[in-house]
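Take the working numbering: the last position of the sequence shown gets the number 453, and nothing is skipped along the way. The next block holds one structure in the form of structure tokens; read it before the comments.
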Amino acid sequence: MAILEKVIFASLILLLILTPLPYGTVENWSVTVWELWVFLTVLLWGVKVAKEGQLKLSANPLVWPLLGLLLVAVVQMLPLVSVGERRTLSYDSYATLQAAIKLLAMILFFLLFATFVSTEERCSLVLNVVIALAFSIAIIGIGQSYVGKVLWQRGTFGPFVNRNHFAGFLEMGLGLAAAQVVGQTVHREKVAIYLCIMLVLVTAVVLSASRGGNLALAAEMIFLALVAWPARAASQQRRLGALWRVIAAAVLFVVMVVGAMLFTGSDELVQNLSQLQKETQTETPASERFSRHLIWRATAQMIQDHPLLGVGLGAYPLAYTRYDPSSGMQRVEQSHNDYLQIVADAGLVGGLLALSFLLLLFSRGFAAAQTQNRHHRAIVLGALAGCFAIAVHSFVDFDLQVTANAQLFLALASLATSQREKGAPPAYSFQA
């Protein structure tokens, strides 16, 4: 059975590596392939359970809010209302079905990851894979800005279709790399390598000209600096030494950002920042350019009309047409704010489930970081930093609706909260 376990673990690693490549897996065909891959991996898990006569399942409670959201989607598809031709709470029951299938695949991926990435060795391998993957994607993005500019006119997106999703993916990888330096878990001769990786990731985010990405990047480093200082260290000398390391890392990060902006010119980022006021001011006509203000206002009205269970998971694009102030001149499929959208899609029930997920994530993550195992602590803090960056970025974008970014977010959530220390029960065990 060791062979099957290794195959399942290898399948999870390949999912992490390959999912970002087809534009972040956002098109229908790539999402379908991703879902089938997850379901086939679960099938292998079932074969393993059948042969062993025992099911070992992660005890991570983060799965409960996700299951609750899946239950909301099921209720939304039931014939509970009669409004015109609509018989379900969802404005688009087929889209809700597709969203429910994808959510089920995400839940299964999370359970697989939490169950099979359960040792320090495997966590370290995942850490290295994610950092290497983020570094490779950043190199591709930088190449698009310089070497490939003649052939690639779309900007610094890497394999993604959107600059913000590209930046969001790199933010999560950067958190893991930065935590290794701040946590002093790498040999001194490797510190320079990690610093170079961080510089490349920061440069790629700056070149992406993603305002949300750069805001999340700054928030991520502040978060990591605040949580990395071991206030409970055994000696005053050790606490001061750790504090100086954190300060040095923060100063170095500022130097990296400023240096990247000066070196790359970052004209597009400056231009995007200058347009912020125009995008958010009330008087900007919807037909003139993309306006988050108008989308958020329409979404707020949608929430007001469907407060309890929302308009249906995945049904936002169709429901939005009733509230569109541009009379169809804009095609809006997301609210560009994951928090607003989860409440619009699943109502206050869905919003409370999302809030409970975040509260569980950070409370369990901070508890897991209270360990004497320095390497484990660095992985937990790095994973939490990546999750925090996406949580900040989600105020102005929809990274968590992109398959590759949502998958990596769940992987980091598992790394931050799963118990892997000796003597701690890693999983529930059910005898067949």
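Beta carbons: idealized from backbone N, C-alpha and C, even for Gly.
- DSSP places Leu76 in the uninterrupted beta strand (DSSP E) bounded by 75 to 79.
- Val70 carries a helical assignment under DSSP once its states are collapsed to helix, strand and coil.
- When secondary structure is reduced to three states using DSSP, Phe419 falls in the coil class, being assigned neither helix nor strand.
- Using a C-beta cut-off of 8 Å, the stretch 107 to 114 makes contact with the stretch 333 to 346, since at least three inter-stretch Cβ pairs fall below that distance.
- By alpha-carbon distance to Ala126, the top candidate from Ala425, Leu42, Leu436, Leu191 is Ala425.
- Contact between the stretch 31 to 38 and the stretch 49 to 66 is established, with three or more Cβ pairs separated by less than 8 Å.
- For Ala116, same chain residues with a beta-carbon under 6 Å away, outside a window of 5 residues either side, are Gly335, Ala336 in chain order.
- Close CB contacts of Tyr344 within its chain, under the 6 Å cut and outside five residues either way in sequence, are with Ala319, Gln322, Met323 (chain order).
- When the beta-carbon positions are compared, Arg398 and Ala390 come within less than 8 Å of each other.
- Taking a cut-off of 8 Å on C-beta distances, the stretch 371 to 385 touches the stretch 82 to 100, as three or more cross pairs fall below it.
- Only exposed fits Pro100, as fewer than 16 other CB atoms lie within 10 angstroms of its CB.
- For Leu90, the closest alpha carbon among the candidates Gly333, Val227, Val223 is that of Gly333.
- Boundaries of the alpha helix (DSSP H) harbouring Gly372: 359 to 389, taken from the DSSP string.
- Within a 10 Å sphere around the beta-carbon of Leu88 sit fewer than 16 other beta-carbons, which makes this residue exposed.
- CA-CA distance, Ser377 to Pro86, rounds to 7 Å.
- Using a Cβ distance threshold of 8 Å, Leu197 and Ile152 count as a contacting pair.
- Rounded to whole angstroms, the gap between the alpha carbons of His327 and Phe181 is 33 Å.
- A residue is called buried when at least 16 other Cβ atoms come within 10 angstroms of its Cβ; Arg184 meets this threshold and is buried.
- Linking Phe30 to Leu436 through their CA atoms gives a straight-line distance of about 14 Å.
- Phe181 sits in a strand when the DSSP states are folded into three classes.
- Under DSSP, the beta-bridge partners assigned to Val104 are Arg107.
- Measuring C-alpha to C-alpha distances from Gln351 to each of Leu369, Ser312, Leu329, Gln362 identifies Ser312 as the nearest.
- In this structure, the alpha-carbon of Gly233 lies about 33 Å from that of Thr136.
- Under the 10 Å beta carbon count, Gly67 is surrounded by fewer than 16 other beta carbons and is classified as exposed.
- The beta carbon of Met98 sits closer than 7 Å to those of Thr109, Ser111, Ser114, Thr117, Leu118, all from its chain and outside the five residues before and after it, given in chain order.
- About 35 Å separates the beta carbon of Val95 from that of Ala240, a gap too long to meet the 8 Å contact definition.
- Going by C-alpha positions, Gly179 is about 13 Å away from Ser231.
- DSSP places Tyr215 in the helix class (H, G or I) of the three-state scheme.
- DSSP, reduced to helix, strand and coil, places Tyr44 within a strand of the structure shown.
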